[in-house]
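Colleague:
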Amino acid sequence: MSPYPASEPHGALAAARRLVLTPRLLMVELLGGLVVALALIPEAISFSLIAGVDPRVGLYASFTMAVTIAFVGGRPAMISAATGAMALVVVSLVRDHGVEYLLAATLLAGAIQVLLGSLGIARLMRFVPRSVMTGFVNALAILIFLAQLPYLRDVPMSVYALVIVGLGIIWATPRVTRAIPAPLVAIVLLTVFTVATKLGVPTVGDQGELPDALPMLGIPKVPIELETLSIILPYAITLAAVGLLESLLTAQLVDDITDTDSDKDRESRGQGIANLVTGMFGGMAGCAMIGQTMINVKSSGARTRLSTFTAGLFLLILVVALGSIVAVIPMAALVAVMVLVSYSTFDWHSIAPRTLRRMPKGETAVMVATVATTVATHNLALGVGAGVLTAMVVFARRVSRLVDVSSELSADGTVRTYTVRGELFFASDRELITAFDYVGDPSLVRIDMSEAHVWDTSAVAALDAITMKYARHGITAEIIGMNAASTQLHDVHSGQLIAH
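Read in numbering that gives the first Met the number 0, the sequence shown has 159 at position 160, and its numbers run on one by one without any break.
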């Protein structure tokens, strides 16, 4: 639990208050950054191996991303570093062209993100439904847990015991003291125990060689020509899109947890700037990391940019200056931390029987589609895309069923007036067309559109089809009562969409 207020007021006074860190809150931020740095090391190494590059590439990326985004990002306390989703994108690029092309793609992806951020791409986030957000969070929780399984295969039984003990320490520590983050207590105690007892279990040092030098500034050694651009551009566009999607969704999640707002446009530009810096210091492209962010925000209770900055700084100090100490940390301790993060990240309320009974089936379908696609592909962009697509289909079906057509026959039986109510677009055109009696109606039909709205050319084509069907039976159909926007769309396209 965070020592900060549950929510903070907005405005200049609130901003000034947030700059004042008491000794206790300063300790929370520093220790939160330390815990994140420890958790980042094995993940950065793993993501480097996924991408097919030296572990230093992922570790340097995590350092430069975290430090840079602490200054230029729009969501305080959010952690950005090398991620698995970004690593998966560049596997074939590294395999076919080498690490220098990866660095060039990282720079281009950063430039694209800065451009998109300047154009206000973050505003598109309002089109991501809540059910997709829930699916995103649940899928990430599952992926975090699945990522720990390789560390639990073909290992001594003592590893399982250490994981259980680590979970117990993380659970019990807050009940004794909140001065020190529980994950840090677990990591320290389990490390001291395994070193003192000389217990033979996998350690951080077993995951890959830690760097012993600082990252150096440089430019990727690739030919400056159109062929190079044609190679890296598709990867850069994908990296930019995946990175912004993960980062903006994670930022929204932190907003909800902390009851504070963030500058999404600044975050979008900040991600691009961070990737530009990362590419020039020999790192792979990165973005926001929900697992480490949850450690920082939920487990450690951090709330400011200081925790993000210290995470990157501590990471560099740990791997370069204190590599021999970090190398003996048992992987079981870090697995315990990430398992608990997975558990706390998952929205258990969303799958409770009571919730599922009350939730519209369409909303549940959207959440399931998001989770299933993400877990199956390990690609968050595809998962969110599938969720948004499903939500669009559900929304279209729901709205199309709201179209209502009623009719009234005049007293002398010579005129029938149809009143159309609802939203007319591609999903409701068939329902509209079948609502009329083309054979039995009198010689004059009026279609009153005063309670309807025409949204697209499919609806215009449907109205044309209705008047044509009546004309074939010698009946005159008049469309009346359209609002200005519908009239404009109808006048422009009527008669142009179907053959007469």
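Ideal Cβ positions, reconstructed from N, Cα and C, are used throughout, including at glycine.
Contact between the stretch 37-49 and the stretch 247-258: three or more CB pairs below 8 Å?
Modeller: As far as the Cβ criterion goes, the stretch 37-49 does not touch the stretch 247-258, which means the pair count is below three.
Colleague: Which residue's Cα is closest to the Cα of ALA131: ALA395, VAL383, MET481, HIS489?
Modeller: Taking the sequence shown and counting its residues from 1, one reaches residue 131 at position 132. Sequence inspection shows Val at residue 131; the Ala mentioned does not correspond to that position. Answer by Cα proximity: VAL383.
Colleague: In terms of alpha-carbon separation, which member of THR63, ALA368, MET85 lies closest to THR307?
Modeller: The residue you call residue 307 lines up with position 308 of the sequence shown. Considering only alpha carbons, the answer is THR63.
Colleague: Where do the N-terminal and C-terminal ends of the beta strand (DSSP E) with LEU423 fall, by residue?
Modeller: The residue labelled residue 423 in the question sits at position 424 within the sequence shown. Counting along the chain, the beta strand (DSSP E) containing LEU423 begins and ends at 414-423.
Colleague: Pull up the distance between the alpha-carbon of PRO149 and that of LEU333, whole angstroms please.
Modeller: On the sequence shown, position 150 is the one that residue 149 refers to. On the sequence shown, position 334 is the one that residue 333 refers to. When rounded, the distance between both Cα atoms is 13 Å.
Colleague: For VAL175, which of helix, strand or coil comes out of DSSP?
Modeller: Working through the sequence shown from its first residue, we reach residue 175 at position 176. Helix, per DSSP.
Colleague: Taking the alpha carbon of VAL367 as the reference point, which residue from ASN137, THR67, GLY83 has its own alpha carbon closest?
Modeller: The count along the sequence shown starts at 1 and reaches residue 367 at position 368. The residue with the shortest Cα to Cα distance from VAL367 is ASN137.
Colleague: Less than 8 Å between C-beta atoms, sequence neighbours within five positions excluded: which residues of the same chain meet that for THR227?
Modeller: On the sequence shown, residue 227 is found 228 positions in, with the first residue counted as 1. Hits under 8 Å: TYR100, ALA103, VAL221.
Colleague: In chain order, which beta strand (DSSP E) runs of at least 3 residues are fully inside the stretch 308-358?
Modeller: List check, beta strand (DSSP E) in window: nothing returned.
Colleague: Flag this pair as yes or no: are the beta carbons of MET283 and ALA81 separated by less than 8 Å?
Modeller: Walking along the sequence shown from the start, residue 283 turns up at place 284. Walking along the sequence shown from the start, residue 81 turns up at place 82. In this structure, ALA81 lies closer than 8 Å to MET283 by Cβ.
Colleague: Can SER267 and VAL34 be called in contact, C-beta distance under 8 Å?
Modeller: Here residue 267 refers to the residue found at position 268 when the sequence shown is read from its first residue. Here residue 34 refers to the residue found at position 35 when the sequence shown is read from its first residue. No, these two residues do not count as a Cβ contact at 8 Å.
Colleague: For ILE479, which residues in the same chain have their Cβ closer than 8 Å to its Cβ, ignoring the five residues on either side in sequence?
Modeller: Locating residue 479 in the sequence shown gives position 480, counting from the first residue. Correct list, in chain order: ARG445, ILE446, ASP447, MET448, SER449.
Colleague: Are the beta-carbon atoms of GLU245 and LEU106 separated by less than 8 Å?
Modeller: For the purposes of this step, residue 245 is taken as residue 246 along the sequence shown, with counting starting at 1. For the purposes of this step, residue 106 is taken as residue 107 along the sequence shown, with counting starting at 1. No.
Colleague: Using a Cβ-Cβ cutoff of less than 6 Å, which residues in the same chain neighbour LEU209 once the five nearest sequence positions on both sides are dropped?
Modeller: What you label residue 209 is simply residue 210 of the sequence shown in a count that begins at 1. Cβ within range, chain order: VAL318, GLY322.
Colleague: Using a Cβ-Cβ cut-off of 8 Å (strictly less than) and excluding sequence neighbours within five positions of ALA15, which residues of its own chain qualify?
Modeller: As a working note, residue 15 is residue 16 in the sequence shown. With a pLDDT of only 37 at ALA15, under 50, the local geometry of the prediction cannot be trusted, and the value read off the model is given with reservation. Here the set comprises nothing.
Colleague: Answer with buried or exposed for THR193, where buried requires no fewer than 16 other C-beta atoms within 10 angstroms of its C-beta.
Modeller: Sequence index remark: in the sequence shown, residue 193 carries index 194 (1-based). Result: buried.
Colleague: Among the candidates TYR234, PRO128, PRO201, ILE168, whose CA atom is the shortest distance from the CA of MET156?
Modeller: Translated into positions along the sequence shown, residue 156 becomes position 157. The residue with the shortest Cα to Cα distance from MET156 is PRO201.
Colleague: Could you check the C-alpha separation between ILE218 and PHE280 for me, to the nearest Å?
Modeller: For the purposes of this step, residue 218 is taken as residue 219 along the sequence shown, with counting starting at 1. For the purposes of this step, residue 280 is taken as residue 281 along the sequence shown, with counting starting at 1. Rounded to the nearest angstrom, the two C-alpha atoms are 8 Å apart.
Colleague: Would you decide whether PRO75 is buried or exposed? Buried here means 16 or more other CB atoms lie within 10 Å of its CB.
Modeller: Here residue 75 refers to the residue found at position 76 of the sequence shown. By the 10 Å Cβ count, PRO75 comes out buried.
Colleague: Please report the distance separating the alpha-carbon of LEU238 from that of ASP262.
Modeller: Counted from its first residue, the sequence shown places residue 238 at position 239. Counted from its first residue, the sequence shown places residue 262 at position 263. If I take the Cα positions, the gap works out to 21 Å.
Colleague: Quick one: grab the DSSP three-state call for LEU443.
Modeller: Your numbering for residue 443 matches position 444 in the sequence shown. Correct three-state label for LEU443: strand.
Colleague: Can you have a look at ALA123 and say buried or exposed, based on whether 16 or more other CB atoms are within 10 angstroms of its CB?
Modeller: Along the sequence shown, one-based indexing puts residue 123 at 124. Note that residue 123 is Leu in the sequence shown, not Ala. So LEU123 ends up on the exposed side.
Colleague: Could you check the C-alpha separation between THR372 and LEU151 for me, to the nearest Å?
Modeller: Residue numbering aside, residue 372 sits at position 373 when the sequence shown is read from its first letter. Residue numbering aside, residue 151 sits at position 152 when the sequence shown is read from its first letter. THR372 and LEU151: Cα-Cα distance of roughly 25 Å.
Colleague: Give a yes or no on whether the C-beta atoms belonging to ALA369 and GLY83 are separated by under 8 Å.
Modeller: Your numbering for residue 369 matches position 370 in the sequence shown. Your numbering for residue 83 matches position 84 in the sequence shown. Here residue 369 is Thr; the residue named in the question, Ala, does not match the sequence. Their beta carbons are not under 8 Å apart, which means THR369 does not touch GLY83 by this criterion.
Colleague: Give me whichever residues DSSP pairs with THR202 in a beta bridge.
Modeller: Looking up residue 202 in the sequence shown gives position 203. PRO329, per the DSSP bridge assignment.
Colleague: Compute the Euclidean distance between the alpha carbons of GLY439 and GLY494, then round it to the nearest angstrom.
Modeller: In the sequence shown, the residue the question calls residue 439 occupies position 440. In the sequence shown, the residue the question calls residue 494 occupies position 495. Roughly 25 Å between the two C-alpha positions.
Colleague: For HIS492, tell me which candidate among ALA460, LEU252, ARG471 has the shortest Cα-Cα distance.
Modeller: In the sequence shown, residue 492 corresponds to position 493, counting from 1. Ranking the options by Cα distance to HIS492, first place goes to ALA460.
Colleague: In terms of residues, what are the limits of the beta strand (DSSP E) holding VAL404?
Modeller: Locating residue 404 in the sequence shown gives position 405, counting from the first residue. First-last of the beta strand (DSSP E) with VAL404: 403-408.
Colleague: Could you tell me which uninterrupted alpha helix (DSSP H) segments, each at least 4 residues in length, are contained entirely in the stretch 65-108, listed from first to last along the chain?
Modeller: 83-88, 90-96, all fully within the stretch 65-108.
Colleague: Measure the C-alpha to C-alpha separation of ASN295 and GLY31 and round it to an integer number of angstroms.
Modeller: Position 296 of the sequence shown, counted from the start, is the residue given in the question as residue 295. Position 32 of the sequence shown, counted from the start, is the residue given in the question as residue 31. Taking the straight line from one Cα to the other gives about 5 Å.
Colleague: Taking the straight line between their C-alpha atoms, what separation do you get for LEU443 and GLY242?
Modeller: Taking the sequence shown and counting its residues from 1, the one referred to as residue 443 is at position 444. Taking the sequence shown and counting its residues from 1, the one referred to as residue 242 is at position 243. Their backbone Cα atoms lie some 59 Å apart in a straight line.
Colleague: Could you name each continuous alpha helix (DSSP H) segment of 4 residues or more that falls completely within the stretch 449-475, going from the start of the chain to the end?
Modeller: As far as the stretch 449-475 is concerned, its whole alpha helix (DSSP H) runs of at least 4 residues are 456-471.
Colleague: Quick one: Cα of ASP455 to Cα of CYS286, how far?
Modeller: Within the sequence shown, residue 455 is the residue found at index 456, counting from 1. Within the sequence shown, residue 286 is the residue found at index 287, counting from 1. Rounded to whole angstroms, ASP455 to CYS286 spans 38 Å at the Cα level.
Colleague: For ALA50, which three-state DSSP category applies?
Modeller: Start at 1 with the first residue of the sequence shown, and residue 50 comes out as number 51. Helix.
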